[in-house]
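Chains F and C are the protein sequences, given in the same order.
Numbered as in this note's numbering, the first sequence ends at 842 without a single skipped number.
Numbered as in this note's numbering, the second sequence ends at 842 without a single skipped number.
Number of protein chains: 2
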Amino acid sequence: MRILVTAGPTREYIDDVRYISNASSGRMGYAIVQAILHAGHEAILVSGPVSMTPPVGCEYHAVESTEQMMQTCQALFPTCDGVIAAAAVCDYQPKSRVSGKISKTGTAITLEMIETDDVLAALGKMKDGHWILGFALEAQNERENALQKLRRKNCNWIVLNRPEAIAAENNTVELLDNTGQTVAHWTGLKTKIAEDLVAWLEVNSGQIK
Amino acid sequence: MRILVTAGPTREYIDDVRYISNASSGRMGYAIVQAILHAGHEAILVSGPVSMTPPVGCEYHAVESTEQMMQTCQALFPTCDGVIAAAAVCDYQPKSRVSGKISKTGTAITLEMIETDDVLAALGKMKDGHWILGFALEAQNERENALQKLRRKNCNWIVLNRPEAIAAENNTVELLDNTGQTVAHWTGLKTKIAEDLVAWLEVNSGQIK
Chain F
634 MRILVTAGPT REYIDDVRYI SNASSGRMGY AIVQAILHAG HEAILVSGPV
684 SMTPPVGCEY HAVESTEQMM QTCQALFPTC DGVIAAAAVC DYQPKSRVSG
734 KISKTGTAIT LEMIETDDVL AALGKMKDGH WILGFALEAQ NERENALQKL
784 RRKNCNWIVL NRPEAIAAEN NTVELLDNTG QTVAHWTGLK TKIAEDLVAW
834 LEVNSGQIK
Chain C
634 MRILVTAGPT REYIDDVRYI SNASSGRMGY AIVQAILHAG HEAILVSGPV
684 SMTPPVGCEY HAVESTEQMM QTCQALFPTC DGVIAAAAVC DYQPKSRVSG
734 KISKTGTAIT LEMIETDDVL AALGKMKDGH WILGFALEAQ NERENALQKL
784 RRKNCNWIVL NRPEAIAAEN NTVELLDNTG QTVAHWTGLK TKIAEDLVAW
834 LEVNSGQIK
């Protein structure tokens with residue numbers, strides 16, 4: 634298989650210095666890339682800024698903004714069998730970016746934030762026989778939100794995890810299919826979950842073709 | 634000498650996942666700590682989240698928010714001869730932090746941002762014979778803004794650098810004193826600038842006592 638993997642956070646700049654982001658370490662996505670390579674498949678990694686080194690043997694594309702991640706993925710997705718979208722993209726971006734650095738004036742400022750491009754939904758629209766595995770990081774109504782996300786974005790499966798996952802070495806996840814059923818449940822080191830996930834895809838991803 | 638050093642970015646959370654921050658790598662501050670130790674002095678490092686490992690031999694305090702950085706520095710500053718404030722603190726924070734994760738609804742949201750605690754100004758208020766060296770990252774009216782910052786925050790000296798410094802290995806800086814004079818000018822690797830800065834302080838910091 635040839636699998637596209639997104640990983641890490643994205644950044645949306647307020648001015649030339651400050652941005653909105655999250656603490657995603659990229660650990661889950663990089664572990665998945667490692668597991669894909671270890672299982673003898675091809676991995677294409679599209680990653681936001683993290684401190685990890687891309688696994689040796691993957692095709693690596695560095696991005697910073699959500700828009701860059703989307704454009705890069707749209708270009709690569711048609712060449713892959715499927716995508717595992719483990720990145721924690723910014724869902725919001727400032728409506729406009731200020732040039733230079735906003736100076737402190739002693740008063741509050743108001744920041745209007747619009748939604749960013751939706752990378753997963755964009756890939757969902759160009760699905761065409763490829764499979765799509767999304768990640769949902771949910772803090773409330775977890776299963777319901779994850780399932781809505783799966784459907785809205787045209788995913789085959791979605792991995793549900795919670796904010797505790799961010800930047801951690803361990804994770805506890807459920808894999809949901811598009812009927813809302815939990816088809817797998819893994820807990821432990823992200824490296825181990827990555828191996829289990831890739832092994833699961835080797836068995837099950839062919840069925841959607 | 635016993636020197637307090639701040640380094641790295643701080644983070645101000647919008648909700649349980651998203652925050653405002655900047656791309657500071659901590660490289661300048663960590664290089665300064667290394668140079669202090671190498672010159673035979675004591676270094677106390679108060680650092681926001683970075684991917685670097687604290688230099689062996691320093692006293693290390695990890696913080697995340699600007700408020701944590703301020704409180705930690707206020708507790709440590711009286712035990713030190715001076716402070717080198719190389720951290721790139723968030724100047725703004727959301728007025729309130731949302732519990733959980735803000736869900737996308739398809740519409741824009743408005744974020745009110747207030748100024749964070751001012752770490753350097755807080756230390757300036759408790760100066761009392763200690764010396765204070767600040768950093769100013771300025772994108773426009775650089776020298777004027779840096780000098781205003783020095784005076785407003787009761788610093789002895791301020792290092793002026795520009796947004797290109799962020800996360801870079803190299804830097805170009807000017808050291809200004811409280812008369813507005815450029816007393817040093819360094820360019821090159823941050824590790825080299827750190828050594829020059831510490832050597833400069835060894836000669837000049839005693840004069841303010």
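Built from N, CA and C at the ideal position, the CB exists for glycine as well.
Predicted, not measured: the structure shown is a model, and the values here were computed from it.
Residue i, enclosing beta strand (DSSP E) - first and last residue
i, result
"F/R784", "Element bounds for F/R784: not the beta strand (DSSP E) but the alpha helix (DSSP H), E775 to R785."
"C/Q726", "Y725 to P727"
"F/A720", "Looking at the DSSP string, F/A720 is not in any beta strand (DSSP E), and its letter there is neither H nor E."
"C/T743", "I742 to E748"
"F/E675", "E675 to S680"
"F/S684", "Note, F/S684: premise wrong, no beta strand (DSSP E); not H, not E."
"C/S654", "R651 to N655"
"C/N789", "Careful: C/N789 lies outside any beta strand (DSSP E) and carries neither H nor E."
"C/I765", "W764 to L770"
"C/R635", "R635 to A640"
Contacting residues, own chain, Cβ-Cβ under 8 Å from residue i (five flanking each side not counted)
i, result
"C/N811", "L783, R784, C788, N789 and W790"
"C/V650", "K734"
"F/V742", "The question names Val, yet the displayed sequence has Ile at residue 742 of chain F. Hits under 8 Å: I735."
"F/N803", "T820, G821, L822 and K823"
Chain-order list of residues whose beta-carbon lies under 6 Å from that of residue i (same chain, five-residue window excluded)
i, result
"C/E745", "K728"
"F/T805", "T820"
"C/L753", "A718, G767 and K786"
"C/A827", "A664, I665 and A668"
"C/M661", "A719 and K823"
"C/L834", "none"
"F/D648", "V731, K734 and I735"
"F/K842", "Summary for F/K842: the model assigns pLDDT 49, below 50, so the residue's position carries little reliability, and this model does not support an answer."
"C/V816", "L808 and D810"
"F/R635", "E675, C713 and D714"
"F/E692", "I677"
"C/D829", "W819"
"C/A672", "V831"
"C/E797", "none"
Element boundaries [alpha helix (DSSP H), containing residue i]
i, result
"F/Q667", "R660 to H671"
"C/G821", "Segment T815 to L822 is the beta strand (DSSP E) holding C/G821; no alpha helix (DSSP H) there."
"C/M703", "T699 to L709"
"F/V752", "V752 to K758"
Residue of the options minimising C-alpha distance to residue i
i, options, result
"C/G690", "C/A708, C/T740 and C/I669", "C/I669"
"C/L831", "C/R730, C/A755, C/G715 and C/G813", "Per the sequence presented here, residue 831 of chain C reads as Val, with Leu not at that position. Of the candidates C/R730, C/A755, C/G715 and C/G813, the one whose C-alpha sits nearest the C-alpha of C/V831 is C/G715."
"C/V722", "C/L709, C/S680, C/L793 and C/A798", "C/S680"
"C/E697", "C/V683, C/Y725, C/E775 and C/Q707", "C/V683"
"F/E724", "F/K737, F/T738, F/M685 and F/Y652", "The sequence as given places Asp at residue 724 of chain F; Glu does not occur at that position. The option with the nearest alpha carbon to F/D724 is F/Y652."
"C/I747", "F/T738, F/A800 and F/W764", "F/T738"
"F/K760", "F/Q707, F/R644, F/G659 and F/A800", "F/Q707"
"C/Q773", "F/G757, F/S732 and F/T743", "F/S732"
"C/Q726", "C/E645, C/R635 and C/V816", "C/E645"
"F/Q840", "F/H763, F/T699 and F/A741", "F/H763"
"F/T705", "F/P688, F/P687 and F/I677", "F/I677"
"F/A640", "F/H671, F/A672 and F/P688", "F/P688"
"F/I799", "F/A817, F/E675, F/S654 and F/V638", "F/S654"
"F/Q701", "F/G757, F/R635 and F/P642", "F/P642"
"C/V792", "C/H818, C/F710 and C/Y693", "C/H818"
"C/D750", "C/V638, C/D829, C/T699 and C/K758", "C/T699"
"C/V638", "C/R795, C/K825, C/C713 and C/T740", "C/C713"
"F/K758", "F/T740, F/F710, F/A801 and F/N794", "F/F710"
"F/N837", "F/P796, F/I765 and F/T740", "F/I765"
"C/M659", "C/G813, C/A801 and C/Q814", "The question names Met, yet the displayed sequence has Gly at residue 659 of chain C. Nearest option by C-alpha distance: C/A801."
Any chain D beta carbon closer than 7 Å to residue i
i, result
"F/T743", "Note that chain D does not occur in the displayed structure, where the protein chains are F and C."
Other residues of its chain near residue i: CB distance less than 7 Å, five sequence neighbours each side excluded
i, result
"F/A695", "S680"
"F/A755", "M703 and Q707"
"F/G813", "L780"
Residues, ordered as in the chain, of the segment 701-730 of chain F that lie near chain C by beta-carbon distance below 8 Å: Hits within the stretch, in order: A721, C723, D724, Y725 and K728.
Residues of the segment 667-692 of chain C with Cβ closer than 9 Å to any Cβ of chain F, in chain order: Against chain F - using a Cβ distance shorter than 9 Å - the residues of the segment 667-692 of chain C are P682, V683, S684 and M685.
Residues of the segment 778-810 of chain C with Cβ closer than 8 Å to any Cβ of chain F, in chain order: Taking a C-beta cut-off of 8 Å against chain F, the contacting residues of the segment 778-810 of chain C are N778, P796 and I799, listed in chain order.
At least 3 beta-carbon pairs within less than 8 Å: the segment 757-776 of chain F vs the segment 772-780 of chain C: Contact fails: fewer than three Cβ-Cβ distances are below 8 Å.
Within 8 Å of chain F by C-beta, residues of the segment 759-779 of chain C in sequence order: The residues in question are L770, E771, A772, Q773 and N778.
Cβ-based contacts, 9 Å cut-off: residues of the segment 635-654 of chain C near chain F: Listed by position, the residues of the segment 635-654 of chain C near chain F (Cβ gap below 9 Å) are R644, I647, D648, D649, V650, R651, Y652, I653 and S654.
Members of the segment 812-832 of chain F that neighbour chain C once the beta carbon cut-off is set at 7 Å: Answer in chain order: no residues at all.
Interface residues of the segment 743-757 of chain C facing chain F [CB-CB below 7 Å]: Listed in sequence order: T743, L744, E745, M746, I747 and E748.
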